[in-house]
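To start, the structure itself, in C-alpha cells.
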Amino acid sequence: MFVRKMTPSQSSLFGEIDDLQDLTFIERPIRRCLKTAEEIDKLTVDEDLNDIERAVYLLSSGEDVQRASVIINLPNLVRQNPAETFRRVVPKVREVLHVAGADMQLAAAGSFLTILQDDIVLIQTHTHSILQIVLLNLDHRDTGLVSNAWLETLLSAIDALPKETIRQEILSPLLSKHQLSQSVPARLASCRILGKVVGKFESSIVKKDLLPLIRSLCQDVEYEVRACMCRQLENITRGIGLDHTKVEVLPELVELAQDEASTVRLAAFDTIINLLEMFDSDDRTCVIFPLVKAFCEKCFKGDEAVLASLSFQYGKLCHGLSESFTDEQHLWFLEFYKKLCCLGLQHENGHCESQPYPLELENKYALVRRNCAYNFPAIVLFADPNHFLSELYRTFSSLCHDPEISVRRTAAGGFHEVVKLLGPNVHYIHKELITLLQDDSLEVRPQVNIPDLVPGLVAAEQKAASSLHWRVHEKLLQCYSCLPRVISGDQIYFRFFQRMFSIITTNNVLPVQREAVRTLCVFLRYNRKQEQRQEIISKIKQELAQGRSYWNRLRYLDLCEITIDLFSKSYFCKHFLIPALELVSDPVANVRYKLCYMLPKLRSTIKPTDKHLLQQLEFCVRKLLCREKDKDVVATLRKVRHERELLDQKKEKEETLLLEMVSDLPFLNYFMKAASSLIMVVMFFFFFYTKTILFLQFICWLIGPVKTNRFSLCVMNVIE
Numbered sequence: 001m002f003v004r005k006m007t008p009s010q011s012s013l014f015g016e017i018d019d020l021q022d023l024t025f026i027e028r029p030i031r032r033c034l035k036t037a038e039e040i041d042k043l044t045v046d047e048d049l050n051d052i053e054r055a056v057y058l059l060s061s062g063e064d065v066q067r068a069s070v071i072i073n074l075p076n077l078v079r080q081n082p083a084e085t086f087r088r089v090v091p092k093v094r095e096v097l098h099v100a101g102a103d104m105q106l107a108a109a110g111s112f113l114t115i116l117q118d119d120i121v122l123i124q125t126h127t128h129s130i131l132q133i134v135l136l137n138l139d140h141r142d143t144g145l146v147s148n149a150w151l152e153t154l155l156s157a158i159d160a161l162p163k164e165t166i167r168q169e170i171l172s173p174l175l176s177k178h179q180l181s182q183s184v185p186a187r188l189a190s191c192r193i194l195g196k197v198v199g200k201f202e203s204s205i206v207k208k209d210l211l212p213l214i215r216s217l218c219q220d221v222e223y224e225v226r227a228c229m230c231r232q233l234e235n236i237t238r239g240i241g242l243d244h245t246k247v248e249v250l251p252e253l254v255e256l257a258q259d260e261a262s263t264v265r266l267a268a269f270d271t272i273i274n275l276l277e278m279f280d281s282d283d284r285t286c287v288i289f290p291l292v293k294a295f296c297e298k299c300f301k302g303d304e305a306v307l308a309s310l311s312f313q314y315g316k317l318c319h320g321l322s323e324s325f326t327d328e329q330h331l332w333f334l335e336f337y338k339k340l341c342c343l344g345l346q347h348e349n350g351h352c353e354s355q356p357y358p359l360e361l362e363n364k365y366a367l368v369r370r371n372c373a374y375n376f377p378a379i380v381l382f383a384d385p386n387h388f389l390s391e392l393y394r395t396f397s398s399l400c401h402d403p404e405i406s407v408r409r410t411a412a413g414g415f416h417e418v419v420k421l422l423g424p425n426v427h428y429i430h431k432e433l434i435t436l437l438q439d440d441s442l443e444v445r446p447q448v449n450i451p452d453l454v455p456g457l458v459a460a461e462q463k464a465a466s467s468l469h470w471r472v473h474e475k476l477l478q479c480y481s482c483l484p485r486v487i488s489g490d491q492i493y494f495r496f497f498q499r500m501f502s503i504i505t506t507n508n509v510l511p512v513q514r515e516a517v518r519t520l521c522v523f524l525r526y527n528r529k530q531e532q533r534q535e536i537i538s539k540i541k542q543e544l545a546q547g548r549s550y551w552n553r554l555r556y557l558d559l560c561e562i563t564i565d566l567f568s569k570s571y572f573c574k575h576f577l578i579p580a581l582e583l584v585s586d587p588v589a590n591v592r593y594k595l596c597y598m599l600p601k602l603r604s605t606i607k608p609t610d611k612h613l614l615q616q617l618e619f620c621v622r623k624l625l626c627r628e629k630d631k632d633v634v635a636t637l638r639k640v641r642h643e644r645e646l647l648d649q650k651k652e653k654e655e656t657l658l659l660e661m662v663s664d665l666p667f668l669n670y671f672m673k674a675a676s677s678l679i680m681v682v683m684f685f686f687f688f689y690t691k692t693i694l695f696l697q698f699i700c701w702l703i704g705p706v707k708t709n710r711f712s713l714c715v716m717n718v719i720e
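Numbering (UniProt numbering), first residue to last: 1 to 720.
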C-alpha cells in the first residue's frame with residue numbers, strides 16, 4: 001500500500017494541528033497552578049482572629065508562603081503591639097527559622113534589621129530575644145547571602161546593645177573559639193565583629209583582650225581573612241588611641257602592605273591613607289613615605305587592579321602627606337601623578353592616542369585616567385595653583401582631550417573646581433573649556449558645570465578691568481555674549497547686568513564701553529522674565545538716556561543702533577525710540593550731532609501706520625532746523641536731509657522711466673514685427689562673420705530714433 005503524497009492544504013492542516021497540540025502543553029502548567037478546594041481551605045484563616053493570633057496561627061500551621069508573609073510583616077506587628085509580638089510571635093519565628101529555607105532566612109534578617117534601624121522599640125527591652133535569634137542563625141549552612149544578612153543584622157544590633165551584653169553574648173564565644181578551627185566565613189565574620197565592638201570598650205581592655213586575636217587574624221593563612229582584618233584596623237586604631245597605634249597597629253600595617261596578595265596590599269594602602277592624620281610627622285616621613293613610594297612603584301610595573309584604587313585615593317594621599325614632604329618627595333609624587341594620567345596613551349603632535357592593548361587592560365587604564373581626572377583639583381592644590389601653567393597644564397589638557405569619554409566627562413565635572421583654584425589665571429584653561437563645550441559626546445557637555453564657573457568669570461573680568469590691557473577686557477566682554485546659551489537668565493541678571501552698567505558708566509575706554517553696551521543688549525534680548533526686562537529698560541532710560549553725563553547719553557544712542565539690529569522694529573519703537581528723539585534738545589552738541597546721523601535709521605523703524613511716531617520724528621527734524629545753532633550739527637542735518645532727497649529723486653526717476661517704457665511698448669512691438677526677418681538674418685551674419693562690436697553698432701543704428709535709455713529693452717526683444 002502506497003502512501004499518497006499530501007497536498008499543500010493537507011500539510012497546512014497538519015501544521016495547525018501540531019500548533020494546537022503545542023498550545024495544550026502550554027496550558028498544562030497553568031492548570032497545575034490553580035488551587036484545589038482542599039488547598040484553598042488550608043490557606044483560609046478565621047476572620048475573627050486579631051493580628052497577633054493570626055500571625056501565631058500561620059507560623060504554627062500555615063504554608064511557607066504564609067509564614068514568609070508574617071515574617072516580612074514583623075516590623076508592623078512590633079509597631080502595633082511590641083510586647084505581645086515579642087512574647088508570642090518572635091518565639092514562633094525562631095522555631096520556624098530552625099528549618100526554614102534561604103528565602104525565609106533572608107526575609108527574617110531583613111525584618112530584624114528594619115526593627116533595629118528604625119528604632120521601633122527600645123532594643124534593651126528585648127535584647128535577649130533578638131540577639132539569640134541572630135547568633136543562632138549566624139552560622140547558617142548557606143554561607144553566602146544568608147550568613148551575610150544575619151551578620152549585618154548583628155552589626156546593627158551592636159550599636160544599640162549595652163557593653164556588658166556585648167561582652168557576655170558576643171565577645172566571650174568569639175574569644176573562646178580557636179580561630180584556625182573555624183571556617184573561613186566564620187573568621188571573616190569575626191574580623192567584622194571585632195572592628196565593630198572595639199569602639200565600645202576602653203583602650204586597656206582592647207589591648208589586653210582583643211589585640212592578640214586581631215594580630216592572629218592579621219597573620220591568617222587565608223588572604224581574604226588578612227585583607228578583611230586589615231580593613232578593620234582603622235576602627236581599631238581609633239578605638240585604642242594614638243599612643244597604642246604606633247606600637248601595636250603600625251607594624252602590622254607595614255607587614256600587610258608588603259603582603260604577597262594584591263588584595264591585602266590594597267586593603268593596607270587604603271587603611272594607611274585613612275589613618276594619615278593619626279601618624280605624626282616622623283612616622284609619615286620615615287615609615288609611610290617609603291612604604292607608599294614602594295607600593296606605587298610596584299603597582300605601576302604590573303598590578304593594574306591595585307593601580308585603579310591607588311589612582312582613586314591619590315588626591316587624598318597627597319593632601320595628607322603634603323605637610324611632611326621635602327621638595328624632592330613633593331616632586332616625585334607630582335611626576336608619578338603625571339605618569340598615571342598618561343597611562344595607556346601615547347602622545348603624538350600634542351594629541352593623546354590610545355595604544356593597542358587587550359580590551360580588559362585598556363579598560364583598566366581608562367579607569368586609572370578617569371580617577372586621575374577626578375583627583376585633578378586636589379593635585380592643583382597640592383602643586384600650588386601658581387605653578388599650574390608650568391607643572392599641570394599639559395596634563396590637564398591631556399585629560400580634556402582623552403580618547404575615552406568617561407575621562408573627559410570626569411574632567412568636565414571638576415572643571416569649575418579648577419577655575420576656583422586658578423582665580424585670576426583662569427584664562428589658562430580657556431581652550432580646554434571650549435573643547436569640552438564642543439565635545440562630540442552628549443555625556444561630556446552637560447558635565448561642564450557652567451554655573452559654578454560664574455565666580456571665575458566675574459573675577460577674570462574684574463582682573464582685566466583693573467589692568468592696562470583694554471583690548472583683553474574688550475575681548476572678554478565680547479565672549480560674554482555667549483553666556484545666555486549656557487547659564488540661566490537669573491544668574492545673568494543678578495551677576496552680570498549691574499556689572500555691565502558699571503562698565504558703561506565708569507570705564508574710560510570707548511571700545512570697552514561699546515562692547516559692554518552690546519553685551520548688555522544681548523543679555524536683554526535673551527532674558528525671559530518680563531519683570532526683569534522692564535526693570536533693565538527703566539534703568540537704561542534713567543542712567544543712560546537721561547544720564548547726567550553726556551558720555552552716557554552718547555552710549556544710549558550706541559545702544560539704540562544695536563537694538564535696531566537685535567530686536568524687532570515694534571519693540572524698539574515701543575521702548576527706545578521716544579527717549580532717543582527727546583535727545584534733540586540735549587544741551588551737548590555732540591549728542592545732537594550723533595542723533596542727526598541716526599535719523600535715517602530711526603525713520604526706518606517706524607511703520608507707515610504709526611502716524612504719531614512719524615509726527616514726532618518730523619517735529620524733531622523741524623526743531624533741529626529751526627533752533628540748532630551749532631554749525632556741525634546743522635551741516636550734518638542738511639547732509640542727511642540732502643542724501644534723503646537724492647534718494648527720493650532717484651526713486652522718482654526710476655518710476656518715471658518705468659511708466660515711459662510701458663507707453664512706448666506698442667511702437668516697439670510694431671517696429672520689431674516689421675524688421676524681425678531682416679534683423680534675424682543680419683544677426684546670423686554678424687554673429688558668425690564679424691566681431692561683436694560691429695553687431696552692437698548695427699543695432700544702435702537700427703534703433704537710432706529710440707531713446708538711449710530704452711536700448712536694453714530693445715536688445716531683449718530682439719533676442720526673443
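Using N, Cα and C, we set each Cβ at its ideal position, and we do this for glycine too.
Secondary structure at residue i, three-state DSSP: helix, strand or coil?
i: Leu-392; result: coil
i: Leu-345; result: strand
i: Glu-515; result: helix
i: Ser-549; result: coil
i: Ile-487; result: coil
i: Ala-267; result: helix
i: Arg-28; result: Confidence at Arg-28 is low in this model, with a pLDDT of 44, below 50, so its placement is unreliable and no value can be given for it.
i: Asn-148; result: helix
i: Gln-132; result: helix
i: Lys-629; result: coil
i: Asp-118; result: coil
i: Gly-423; result: helix
Identify, in the order they occur along the chain, each residue of the same chain with its Cβ nearer than 8 angstroms to the Cβ of residue i, setting aside the five sequence neighbours on each side.
i: Gly-414; result: Ala-373, Tyr-374, Phe-376 and Pro-377
i: Asp-103; result: Ala-68
i: Arg-238; result: Gly-199 and Met-278
i: Asp-632; result: Ala-589 and Tyr-593
i: Lys-163; result: Lys-200 and Phe-201
i: Ile-272; result: Leu-253, Ala-257, Ile-288, Leu-291 and Val-292
i: Asp-118; result: Pro-75
With burial defined as no fewer than 16 other Cβ atoms inside 10 Å of the residue's Cβ, what is the status of residue i: buried or exposed?
i: Asn-137; result: buried
i: Leu-581; result: buried
i: Phe-494; result: exposed
i: Pro-8; result: Note on Pro-8: pLDDT 44, under 50, position unreliable in the model; the coordinate value appears next. Per the 10 Å Cβ criterion, exposed.
i: Gln-132; result: exposed
i: Asn-76; result: exposed
i: Cys-318; result: buried
Among the residues of its own chain, which have a CB less than 7 angstroms from the CB of residue i, if the five just before and after it don't count?
i: Leu-343; result: Tyr-365, Val-368 and Arg-369
i: Ile-166; result: Ile-158, Val-197 and Lys-200
i: Leu-210; result: Leu-194 and Val-198
Taking C-beta to C-beta, are residue i and residue j nearer than 9 angstroms?
i: Lys-301; j: Phe-279; result: no
i: Leu-213; j: Leu-174; result: yes
i: Lys-135; j: Glu-169; result: The question names Lys, yet the displayed sequence has Leu at residue 135. For Leu-135 and Glu-169, yes; Cβs fall inside 9 angstroms.
i: Cys-341; j: Thr-395; result: yes
i: Ser-322; j: Phe-382; result: yes
i: Leu-559; j: Val-522; result: no
i: Tyr-571; j: Thr-519; result: no
i: Val-512; j: His-473; result: yes
i: Leu-145; j: Phe-112; result: no
i: Tyr-223; j: Asp-270; result: no
What residues in its chain sit with their C-beta under 6 angstroms from that of residue i, if we drop five residues either side in the sequence?
i: Tyr-550; result: Val-588 and Val-591
Considering only C-alpha positions, which residue in the set the options is nearest to residue i?
i: Leu-476; options: Lys-574, Lys-623, Ala-465 and Ile-166; result: Ala-465
i: Leu-359; options: Pro-290, Ile-52 and Glu-404; result: Glu-404
i: Pro-385; options: Leu-421, Glu-417, Tyr-393 and Arg-408; result: Leu-421
i: Gln-438; options: Glu-53, Ala-412, Val-426 and Ile-236; result: Ala-412
i: Pro-91; options: Asp-118, Arg-514 and Val-56; result: Val-56
i: Gly-423; options: Leu-399, Gln-462, Leu-436 and Lys-431; result: Gln-462
i: Val-458; options: Leu-250, Arg-499 and Glu-628; result: Arg-499
i: Leu-59; options: Gln-80, Asn-81, His-98 and Ala-83; result: His-98
i: Glu-561; options: Gln-534, Ala-308 and Arg-603; result: Arg-603
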